[in-house]
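A short write-up of the structure that comes next.
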Amino acid sequence: MPLKAASMASSPLCACRNHFLSPSQHQQLNFSTVAQLPRLSPSTLQVKDRLNSSSKRRRFFFAAEAVDSSSPSKISISSAAAADKSIVPDDQISLSKISFGVVGLGSGVTLLAYGFGAYFNILPGSEWSAIMLTYGFPVAVIGMALKYAELKPVPCLTYADAEMVREKCATPVLKQVKADVTRFRYGDEQHLDEALPRIFQYNQGGGIPRRSAPVLKMLREEVTEDDKYCLVLVFEAKSLQLSDFEKRQAKFASFFGPGISAEVGKGENDLFEVRLISNTQA
1 MPLKAASMAS SPLCACRNHF LSPSQHQQLN FSTVAQLPRL SPSTLQVKDR LNSSSKRRRF
61 FFAAEAVDSS SPSKISISSA AAADKSIVPD DQISLSKISF GVVGLGSGVT LLAYGFGAYF
121 NILPGSEWSA IMLTYGFPVA VIGMALKYAE LKPVPCLTYA DAEMVREKCA TPVLKQVKAD
181 VTRFRYGDEQ HLDEALPRIF QYNQGGGIPR RSAPVLKMLR EEVTEDDKYC LVLVFEAKSL
241 QLSDFEKRQA KFASFFGPGI SAEVGKGEND LFEVRLISNT QA
């Protein structure tokens with residue numbers, strides 16, 4: 001029986017599953033027999049360590065994939081924020097976008113042309129020729145006068161997020177500024193004709209010459225990083241420096257206030273930006 005037990009213990013199967021032996025067989029095992037049990041070689045231990053490390057790496061990769069699986073919600077939020085930065089097309093039809101000078105001049109010239117054609121029997125309606133000539137001439141003159149005194153509207157670039165908060169956050173003064181400079185005006189030399197002379201003090205002590213006055217080129221509606229409505233005035237001033245605008249930063253805020261803070265900056269070429277930021281947060 002001892003020999004049989006020793007032979008069973010020397011086999012790898014018995015060494016791995018020695019719990020199947022009876023209690024009497026366990027007692028008959030001596031230290032020499034245990035010493036003969038198969039041992040793991042160093043190479044085998046290295047393979048085992050590699051397997052353990054690879055399994056840990058696999059668990060790490062799975063955890064990383066689990067974290068990335070929650071990223072689609074973040075991606076959707078960022079894509080929605082990017083969609084809010086899309087430009088709103090200005091395709092609405094209103095009277096503010098119609099040039100009365102063009103309408104008057106076109107109507108007057110049409111009446112005069114048809115009136116002369118009808119008077120000389122080239123066109124039908126000779127009985128109406130006198131009326132068309134009578135009204136066509138003053139209408140054409142008024143149209144030419146309006147066209148001469150016409151000040152074209154300034155283009156406005158509006159972002160979608162700014163359009164959504166405009167009614168809630170923009171002050172009445174900012175709304176009025178946008179409405180005034182984005183429509184045809186007649187008789188004014190430039191846009192913001194009342195604001196700029198007071199802010200830059202044309203031909204006065206500490207001011208600038210009138211020939212160096214900045215010219216408003218465009219507007220931009222946007223939302224700041226702290227979710228505030230901002231109306232950006234883009235000026236072209238070839239004879240001015242950034243310091244000329246920085247000196248009058250407080251005057252911009254006070255003139256277009258209350259509830260407004262102003263920031264100035266330098267753009268490309270001879271462009272300068274004045275940011276009128278509403279203090280009302282969305």
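Yeah, the sequence shown ends on 282 if you go by the working numbering, and it's all consecutive.
Using N, Cα and C, we set each Cβ at its ideal position, and we do this for glycine too.
Closest residue to residue i among the options (Cα-Cα distance)
i, options, result
"V102", "S126, E150, N121", "E150"
"L174", "D270, G259, F272", "G259"
"G136", "G106, N121, V165, Y159", "G106"
"G287", "K238, G187, R248", "Residue 287 is absent from the structure shown; the chain starts at 1 and stops at 282."
"L216", "P153, S94, L111, T110", "P153"
"S243", "I93, F272, E225", "F272"
"A237", "P124, F245, F252, D270", "D270"
"E189", "Y148, A250, N121", "Y148"
"Q281", "S126, D227, G125", "D227"
"S126", "L112, G257, M164", "L112"
Residue i classed as buried or exposed, judged by whether at least 16 other C-beta atoms fall within 10 angstroms
i, result
"S86", "exposed"
"E268", "exposed"
"V141", "exposed"
"A118", "buried"
"F295", "No answer is possible for residue 295: the residues shown for the chain start at 1 and end at 282."
"F120", "exposed"
Contacts around residue i, its chain only, beta-carbon distance under 6 Å, and the 5 residues preceding and following it disregarded
i, result
"D202", "Residue 202 is actually Tyr in this sequence, not Asp. Closer than 6 Å at Cβ, skipping near neighbours: R210."
"F100", "L146"
"R185", "L151"
"V223", "D161, A162"
"D90", "none"
"G115", "S129, M132, L133, G136"
"S96", "R183"
"P155", "M218"
"G143", "G101, G104, L105, G108"
"V301", "Outside the modelled stretch of the chain, which goes from 1 to 282, sits residue 301, for which no answer is possible."
Own chain, CB closer than 8 Å to residue i, minus 5 neighbours either side, in chain order
i, result
"L157", "I87, M218, L219, R220, E221"
"F255", "A195, R198, I199"
"I93", "none"
"P124", "A118"
"I98", "F184"
"P138", "G108"
"K251", "R198, I199"
"Q204", "none"
Proximity test, Cβ basis, 9 Å: residue i and chain B
i, result
"M164", "The question asks about chain B, but that chain is absent: this structure has only one protein chain."
Beta-carbon proximity list for residue i, same chain, < 7 Å, skipping 5 on both sides
i, result
"G187", "A149"
Going residue by residue through the region 142-200, where are the continuous beta strand (DSSP E) segments of at least 3 residues, counting only ones entirely within it? 156-158
How do the region 205-220 and the region 258-265 stand: do at least 3 beta-carbon pairs fall below 8 Å, yes or no? no
Given 8 Å, three or more beta-carbon pairs between the region 163-179 and the region 225-239: yes
Are the region 273-282 and the region 156-171 in contact at 8 Å, needing three or more beta carbon pairs? yes
Tell me the start and end of each unbroken alpha helix (DSSP H) in the region 203-260 that is at least 4 residues and wholly inside, in chain order. 242-246, 249-255
Please give me, in chain order, every unbroken run of the alpha helix (DSSP H) with length at least 4 that falls completely inside the region 82-136. 100-119
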